[in-house]
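Protein chains: 2
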Amino acid sequence: MADRFGPLPSPGARPFIVEVRRGAQVESRHAVTAAIVDADGRLVAGWGDPAMTIFPRSSNKAFQALPLIETGAADAAGLSQAELAMACASHGGELRHTETVGAWLGRLGLDPGVLECGAHWPYHEETARDLARAQAQPSTLHNNCSGKHAGMVTVARHMGEDLRGYVDPAHPVQRRVTAALEDVCGVSIPADAQATDGCSMPTLALPLDKLAYGFARFVTGQGLAPERAKAARRLAAAVLAEPFFVAGSGRFCTAVMQAGGGRFIAKTGAEGVYTAASAELGLGIALKVMDGTARAAQTALGGLLEHLGLLDAASQAQLRPLVEPVLTNWRGLRVGDIGLAPAY
Amino acid sequence: MADRFGPLPSPGARPFIVEVRRGAQVESRHAVTAAIVDADGRLVAGWGDPAMTIFPRSSNKAFQALPLIETGAADAAGLSQAELAMACASHGGELRHTETVGAWLGRLGLDPGVLECGAHWPYHEETARDLARAQAQPSTLHNNCSGKHAGMVTVARHMGEDLRGYVDPAHPVQRRVTAALEDVCGVSIPADAQATDGCSMPTLALPLDKLAYGFARFVTGQGLAPERAKAARRLAAAVLAEPFFVAGSGRFCTAVMQAGGGRFIAKTGAEGVYTAASAELGLGIALKVMDGTARAAQTALGGLLEHLGLLDAASQAQLRPLVEPVLTNWRGLRVGDIGLAPAY
Chain A
-18 MADRFGPLPS
-8 PGARPFIVEV
2 RRGAQVESRH
12 AVTAAIVDAD
22 GRLVAGWGDP
32 AMTIFPRSSN
42 KAFQALPLIE
52 TGAADAAGLS
62 QAELAMACAS
72 HGGELRHTET
82 VGAWLGRLGL
92 DPGVLECGAH
102 WPYHEETARD
112 LARAQAQPST
122 LHNNCSGKHA
132 GMVTVARHMG
142 EDLRGYVDPA
152 HPVQRRVTAA
162 LEDVCGVSIP
172 ADAQATDGCS
182 MPTLALPLDK
192 LAYGFARFVT
202 GQGLAPERAK
212 AARRLAAAVL
222 AEPFFVAGSG
232 RFCTAVMQAG
242 GGRFIAKTGA
252 EGVYTAASAE
262 LGLGIALKVM
272 DGTARAAQTA
282 LGGLLEHLGL
292 LDAASQAQLR
302 PLVEPVLTNW
312 RGLRVGDIGL
322 APAY
Chain R
-18 MADRFGPLPS
-8 PGARPFIVEV
2 RRGAQVESRH
12 AVTAAIVDAD
22 GRLVAGWGDP
32 AMTIFPRSSN
42 KAFQALPLIE
52 TGAADAAGLS
62 QAELAMACAS
72 HGGELRHTET
82 VGAWLGRLGL
92 DPGVLECGAH
102 WPYHEETARD
112 LARAQAQPST
122 LHNNCSGKHA
132 GMVTVARHMG
142 EDLRGYVDPA
152 HPVQRRVTAA
162 LEDVCGVSIP
172 ADAQATDGCS
182 MPTLALPLDK
192 LAYGFARFVT
202 GQGLAPERAK
212 AARRLAAAVL
222 AEPFFVAGSG
232 RFCTAVMQAG
242 GGRFIAKTGA
252 EGVYTAASAE
262 LGLGIALKVM
272 DGTARAAQTA
282 LGGLLEHLGL
292 LDAASQAQLR
302 PLVEPVLTNW
312 RGLRVGDIGL
322 APAY
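These protein sequence lines map, in sequence, to chains A and R.
Going by my numbering, the residue at position 171 of the first sequence is 152; the numbering climbs one at a time, nothing skipped.
Going by my numbering, the residue at position 57 of the second sequence is 38; the numbering climbs one at a time, nothing skipped.
Here it is, written out as structure tokens:
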């Protein structure tokens, strides 16, 4: 296939490199470890150290949403596709995002104060400025994880559990999430691999290739209990039906799924993580930019998706401004670009 | 000496590492190349590849300001210490910054439209929000480089040169800047090493150790023509007298110089660059985080300054929140920290 974003180097023990170029020079370099794994757990391709332990951060929100379906809470609350997508989202805090989560909580008779994610200014810069222009402050609804938290609260309420402390690792809501993650990825996560995420929920470290394996199983259902496979299929369908609600305007998760036309799901995680999965190929992808930089993660994912033949020429053209961005300065002049380094 | 931020590994061919830790795990790693050089050009200590070619970006603004003094433009315009510091600054766009540059241009009968740096929202987040709350838009004064550009315009006006196009490499203003940089650093910069900076001025790639050498000469005057040595001394004194105007509230350049009590100057550059220099030790420091990440550059600089004995226990305590920051989440809970990796 034409490696129009690439070419990636052959899989091997060395990470591949994303370069930031200015003028005729390479200015900065990001090393990327990546794993492409099938639903039998076979490493189809790897770069760097695919077995390295990483924090998936938000990249595994779809796994964390499984109990929302499996407990029957989603159906009891009559959740829409957009709301299910938001349970798997790291959103920009745009009006359609916050209104969707606000209305969902409203139907349950709850207000945003029930969410234990904390508040932050919207990632979507123009929305943040609009909020300031309106002399307002951000609420928990603007937190990029508010949809995930709304999902957790929905489960707790449905199960008759305490709504307070649902972010605590010992709360039944989190125990279900951990069990689902361990099952899907085929791992048992030790106590010292547990840390706290930006939104106060646990984040559980696991090997990168196991994360990819989990995604291969998530989209194929292979090896999962029937109810779990069905729940996974439903979440994947929601994410693909409503990609705007997974991230938002100008965001790579949304753009790459729109360009992919349903062939794969994709999700970013903080500190340079990206995951993706294709039911058609039966493969999961997980990557980690070793230095944690988001700009390199989306370039790396673009390269891997193309490597797998999941982006046709039209999709590549559509994604080029995000995968191989031209860098402009404050006056809009071209000063450099970002892209995969030539194979070495 | 006690390596309280350290310990740095022994100098050698391997970069040193800044770690981002979450819970009990290392989540991300930044490799740092660094050079400590004396005013004779001797490499006193190096990590990684000290001769690697890098873009200094804003880290060499003090060199770029030399013609402002040497042409007599600064005296003719009656520039204050704060204004000279701003000519060497990457500022946060706080009110005191923008008012200072605005008043300086006003004395010359010029308005902010003369600056060719472009506009961007202030780096200082609360100031940016205040601007939005006031239903206003950022101007060129808010550009972090507006002080440097005001200096360039001041030179052009004093020399009777065209005020338009002063950012062009062929303009006499830029020719003087390039000549000063080449002289101070003892380099001749080839055409293909020239690129465009964020503020539209040229940025000239040079070896990291030559950048450190330039700073050793800048603060000692050793090997420089007497007038140049005098101009450098004056700029260093201004920066040390008015560190707020070099960066601003919560910014590392300002904080580290305040903590240093006049023992060294320090300046950040985009894409993970930091420079510093001590007249007392006769040394210049230059470092580059290979992946371009700012959070690691300030941790790395803290480690190098301590390695040289330039930070006493009180200074270290004062700087710890910036050099070894505790990472908190949106609810203020401690989730991890950043620091130098144990020596390897």
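Here a beta-carbon is modelled for each residue, glycine too, at the ideal position from N, C-alpha and C.
Query, Result
"Which runs of the alpha helix (DSSP H) fall wholly inside the stretch 195 to 261 of chain R and span at least 4 residues, in chain order?", "207 to 222, 233 to 241"
"What is the DSSP secondary structure of Val164 of chain A, counted as helix, strand or coil?", "Correcting the residue identity first, residue 164 of chain A is Asp in this sequence and not Val. Correct three-state label for Asp164 of chain A: helix."
"With a Cβ-Cβ cutoff of 9 Å, do Met182 of chain A and Cys98 of chain A count as a contact?", "yes"
"Output yes or no for whether 9 Å exceeds the beta carbon distance between Leu300 of chain A and Gly317 of chain A.", "no"
"Relative to the C-alpha of Asp173 of chain R, which candidate in A:Arg3, A:Gly(-7), A:Arg(-15) has its C-alpha closest?", "A:Arg3"
"Tell me, which residues are paired with Ser9 of chain A by DSSP?", "A:Val1"
"Measuring only the C-alpha atoms, how far is Gly320 of chain A from Leu65 of chain R?", "39 Å"
"Alpha carbon to alpha carbon, what distance is there between Ser259 of chain R and Val148 of chain R?", "30 Å"
"If the cut is a Cβ gap below 7 Å, which residues of chain R does His101 of chain A touch?", "Trp311"
"Is the shortest distance between the beta-carbon of Ile35 of chain R and the beta-carbons of chain A less than 9 Å?", "yes"
"Determine, for Thr159 of chain A, whether the minimum Cβ-Cβ distance to residues of chain R falls below 9 Å.", "no"
"Within the stretch 5 to 72 of chain A, note down every full alpha helix (DSSP H) run reaching 4 residues or more, in order along the chain.", "42 to 45, 47 to 51, 54 to 57, 62 to 68"
"By DSSP, does Val82 of chain R sit in helix, in strand, or in coil?", "helix"
"For the structure I just gave you, are there three or more beta carbon pairs, one from the stretch 266 to 286 of chain R and one from the stretch 9 to 20 of chain A, closer than 8 Å?", "yes"
"Which residues of chain R have a Cβ atom closer than 9 Å to the Cβ of Ser9 of chain A, listed in chain order?", "Glu252, Gly253, Lys269, Val270, Met271, Asp272, Gly273, Thr274"
"Which of helix, strand or coil does DSSP assign to Gly94 of chain R?", "helix"
"Of all the alpha helix (DSSP H) runs that stay within the bounds of the stretch 270 to 301 of chain A, which reach a length of 4 or more residues?", "275 to 288"
"Would you say Gln299 of chain R reaches chain A, if we count a Cβ-Cβ gap shorter than 9 Å as a contact?", "no"
"Got a sec: which bits of the stretch 151 to 179 of chain R sit with their beta carbon under 8 Å from any beta carbon on chain A, in order along the chain?", "Asp173, Ala174, Gln175, Ala176, Thr177, Asp178, Gly179"
"Looking at the unbroken beta strand (DSSP E) that takes in Ala131 of chain A, where does it start and where does it end?", "Note, Ala131 of chain A: premise wrong, no beta strand (DSSP E); alpha helix (DSSP H) at 127 to 139."
"Specify, as a first and last residue, the run of the alpha helix (DSSP H) that Arg114 of chain A falls within.", "106 to 114"
"So if DSSP puts Gln175 of chain R in a beta bridge, which residue, or which two residues, is it bridged to?", "R:Leu185"
"Give the interface partners of Arg110 of chain R over in chain A, defined as CB-CB distance under 7 Å, in chain order.", "Ala113"
"Below 8 Å on the Cβ atoms is my contact criterion, and I expect Pro(-8) of chain A with Ala26 of chain A to pass it. Report the Cβ-Cβ distance as a whole number of Å.", "4 Å"
"Hey, Ala20 of chain R and Thr201 of chain R are a contact pair by Cβ (cut 8 Å); roughly how many whole angstroms apart?", "5 Å"
"Answer with yes or no whether the minimum CB distance from Gly4 of chain R to chain A is below 9 Å.", "yes"
"In whole angstroms, give me the CA-to-CA distance for Trp311 of chain A and Pro119 of chain R.", "12 Å"
"Using a Cβ-Cβ cut-off of less than 7 Å, list which residues of the stretch 123 to 145 of chain A approach chain R; keep chain order.", "Asn124"
"Does the Cβ-Cβ distance between His152 of chain A and Ala131 of chain A come in under 9 Å?", "no"
"Please classify Ser230 of chain R: is it buried, with 16 or more other beta-carbons within 10 angstroms of its beta-carbon, or exposed?", "exposed"
"Report the residues of the stretch 312 to 323 of chain R with a CB closer than 9 Å to any CB of chain A, ordered along the chain.", "Arg312, Gly313, Leu314, Arg315, Val316, Gly317"
"Specify the secondary structure class of Arg315 of chain A as computed by DSSP and reduced to three states.", "strand"
"Any beta-carbon of chain R closer than 9 Å to the one on Glu75 of chain A?", "no"
"At the 9 Å Cβ level, is Ala32 of chain A part of the contact set with chain C, yes or no?", "In summary, chain C is missing from the structure at hand, where the protein chains are A and R."
"Which of the three DSSP states is assigned to Leu192 of chain A in this structure?", "helix"
"Quick one: using the 10 Å Cβ neighbour count with 16 as the cut-off for buried, is Leu192 of chain R buried or exposed?", "buried"
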